[in-house]
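Positions 13 to 638 (this note's numbering) are the ones given, in order, by the sequence shown.
Note that beta-carbon positions come from the ideal geometry of N, C-alpha and C, so glycine has one too.
Have a look at the structure below before the remarks.
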Amino acid sequence: MTERAEQGLSRRDFAALAVGGVALIQAGTPASAQQAAPTAKAPLEPTRLVSAGETLRPEIVGNFGIVAAGRHYAVAAGTRMLMAGGNATDAGVAAVFAAAVTEISHFGFGGEAPTIIYDAKAKKVSAVNGQGVAPALATPDKFAKAGVIPGNGPNGGTVPAMVDAMALALQLNGTMTLDQVLQPAIELADGFVMYNFLAEVFASQKKATSKWKDAYDAYYPGGQLPKVGEIFRQPNLAKTIRLIAEADRAAYKKTKDRKKAIQAGRDAFYKGDIARRIGAAMERDGGLMRYEDLAVYKGRVETPAMTSVFGYEVYKAGFWSQGPAMLMALNIAEASGIAEMEPGSAPYLHILAESIKLAFDDRNAYFGDPDFATVPMKGLLSKDYAAQRAKQIGPKASLEHRYGDPWAYEGRARTTPAFTPHMLKAPPRPTADTTAIEVVDKDGNLFSATPSSGWMLGGAYIPGDTGVPMSNRLTVFDLDPESPNVLAPGKRPRTTLSPSMVLKDGAPYLAIGTPGGDNQDQQIMNVLLRVLAFGQPLQAAIEAPRINSNHFHASFAIKKDEPGVLEVEDRVPQAVRDDLAVRGHKLDVLGPFAVSTGIVAAGVVPGSGTLRGGADVRRERYVFGW
């Protein structure tokens, strides 16, 4: 096994896997066949029509419902709920549970799932926080010797939040029972056909996972690798999911109260035998989490953060997530006059990159769980603050970290110490990834979730015989006492998970999300600018060439930064790249669709009220509906 395989795959490696088949096909083409290619242009097939707006994938349209997600299994689960009479939230929750079973390269049942929901009847946007908290025993001193919080193993994660979040979402805006929406996940846990991408991840993470016997036995029974086309079974996870469904079903039979039944199913995971087995295994394996951490955990529904740009209202989760950084970057870009520039031009990409750099530097300096940290939320989202930050963008790329002063726009004096983000002096650790699920239904309900953690990269950890891969999110915390994101018991880490919702004049418009860690909001912004400021078609905007800044300190492990570094897909014209380089950007030129992302989106077309959806060609995303 190579050194890279032993260490695990980076986010860039994951992207390479997704397009690797093309290289293999090309590599397998005999040289003689390449040389024998005809020189004359083949005549156009007579029935072939070429559209000026043609994309690699069609934009999905309809008037019944559309589900966009990471894999076809999740899309199928969501579509099944819509066909059974469910709404967008029923479909979204079913898709999240299905993804937790079938996308374990990126997300497992013990992970988290921040979610934003638009209720068409109430005309209200709500955020389900869906981000677990640090265990009661997790304090900075526990990790001081290592200098970094691990991203894997019994001390890699926060309290599992996904099950709680999906129960809250279903209670808030769903119409179905927990038992109903869990059925596709149960069937998939009983066995699904292994696909190539996941099989390659299994192969790369076998050694890393072998550190934890329960996970190794669950994912590599008999030491064997799962093979493409074979049925992959997770009997322990299937048993766990059935216990949740049975608790919901029994409570509904007794009370006929859907919301109380959902709570009973949820409590079967957090307060019953499942939680006791998780806690016991954690303690046995040297972890800090206990049964009591699960028993007392309770997520909540919150008012999301919002800004108005280009005539639209954009909603994100609160300042316990990185989501508001995208709102800030949009505000800065709007104040910089980006709407008057040519999309994809050097001036446009320069403003986009510099806006992101300013907003994300502020993310690192000021964001943290508002239950524990004093965050200048009003100042950070102020249009006046955005205008002041926009003035800091010059003709040249900044190679310095520039932290702003949002307190000057907060309307009250600063009460917290200044924190300067920095890289840690510890060995780099592998990080992994995420998925995204977006749904729209015929009534205009929207669902946007960004589920993550419980991934395989670096080695999955499963406590006991539960079959539940645990979270990896504890590593996002800081250990610096002055940081607003410093680790504390019961606190949410400043998660990178970032669902998005857009309304137009208060009416439903778009649910959009992506995997990608620190990249998520950058990539969503790449697409939203083209759609909101320039009216480009959804699928065309998703497929357009992208950029991605590595300038600011990252969220995971050693908090690495790369000042001035800008990833650019090579479909950005050479002349534009040359211009960006002259402006001082340190270009990292990637393949044609190689930025590590995978946008999916679904929404309502203004005026007609019909539906549309799109899915990235990056990361093999899926969308279906009618």
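Whole-angstrom distance between residue j and residue i, CA atom to CA atom
i, j, result
"K218", "L300", "25 Å"
"P418", "G163", "31 Å"
"A125", "L392", "25 Å"
"G33", "L550", "Bear in mind that the predicted position of G33 carries a pLDDT of just 39, short of 50, making it unreliable; the figure below should be weighed with that in mind. The straight-line gap from Cα to Cα measures roughly 26 Å."
"G621", "T319", "23 Å"
"Y327", "G610", "20 Å"
"P355", "L361", "8 Å"
"P359", "F546", "16 Å"
"D374", "D533", "14 Å"
"N376", "K268", "47 Å"
"A461", "Y85", "16 Å"
"Y421", "G349", "22 Å"
"D600", "F568", "21 Å"
"D191", "K454", "24 Å"
"H641", "V612", "Since the first residue shown for the chain is 13 and the last is 638, residue 641 is missing from the structure and cannot be characterised."
"G90", "D102", "8 Å"
"N75", "M95", "13 Å"
"L36", "G423", "Low confidence applies to L36: its pLDDT is 32, below 50, so where it sits in the model is not reliable, and the reading given next is rough at best. One C-alpha to the other measures close to 59 Å."
"L364", "A345", "6 Å"
"Q47", "Q334", "In this prediction, Q47 scores a pLDDT of 41, lower than 50, which makes its location untrustworthy; the coordinate-derived value is nonetheless stated afterwards. Between Q47 and Q334, the C-alpha separation is close to 51 Å."
"D517", "K133", "16 Å"
"S483", "L509", "13 Å"
"H434", "F489", "13 Å"
"A107", "A100", "10 Å"
Beta-bridge partners of residue i, as assigned by DSSP
i, result
"L522", "V514, G615"
"A80", "E450, V635"
"N484", "Answer is none; N484 lacks a bridge partner."
"Y324", "V321"
"D490", "V498"
"S357", "Its beta-bridge partners do not exist; DSSP assigns none."
"F244", "F204"
"F119", "S465"
"E124", "S464"
Beta-carbon spacing of residue i, residue j below 8 Å
i, j, result
"N343", "K395", "yes"
"R426", "G416", "no"
"A399", "A347", "yes"
"A250", "D176", "no"
"G476", "I290", "yes"
"V588", "I78", "no"
Residue i, enclosing alpha helix (DSSP H) - first and last residue
i, result
"Y634", "Looking at the DSSP string, Y634 is not in any alpha helix (DSSP H); the run it does join, the beta strand (DSSP E), is 634–637."
"G74", "From DSSP, G74 is part of no alpha helix (DSSP H) but of the beta strand (DSSP E) over 72–74."
"F459", "Taken as a continuous stretch (DSSP letters only), F459 belongs to no alpha helix (DSSP H), being part of the beta strand (DSSP E) at 458–461."
"Y207", "Here Y207 belongs to no alpha helix (DSSP H), and DSSP marks it neither H nor E."
"D417", "Run containing D417: none; DSSP gives neither H nor E here."
"L539", "Note on residue identity: the sequence assigns Val, not Leu, to residue 539. Run containing V539: 532–540, per the alpha helix (DSSP H) assignment."
"L184", "174–185"
"E304", "303–308"
"I350", "Counting along the chain, I350 falls outside any alpha helix (DSSP H), and DSSP gives it neither H nor E."
"K272", "270–282"
"D396", "395–402"
"D409", "This sequence places Ala at residue 409; Asp is not what is there. First-last for A409: undefined, no H or E at that position."
"D285", "285–296"
"D455", "It is not in any alpha helix (DSSP H) - D455 carries neither H nor E in the DSSP assignment."
"G391", "389–392"
Where the beta strand (DSSP E) through residue i begins and ends
i, result
"M318", "317–321"
"S561", "559–561"
"V140", "136–140"
"V580", "577–581"
"Y130", "127–131"
"K598", "598–602"
Simplified DSSP state of residue i, which is helix, strand or coil
i, result
"R624", "strand"
"A148", "coil"
"I161", "coil"
"F372", "helix"
"V313", "strand"
"T507", "strand"
"R630", "helix"
"S333", "strand"
"A96", "coil"
"V105", "helix"
"M188", "coil"
"I256", "helix"
"L436", "coil"
"K225", "helix"
"Q217", "coil"
Closer than 7 Å: residue i CB and nearest the ligand NAD heavy atom
i, result
"N167", "No copy of the ligand NAD appears in this structure; indeed no ligand is present at all."
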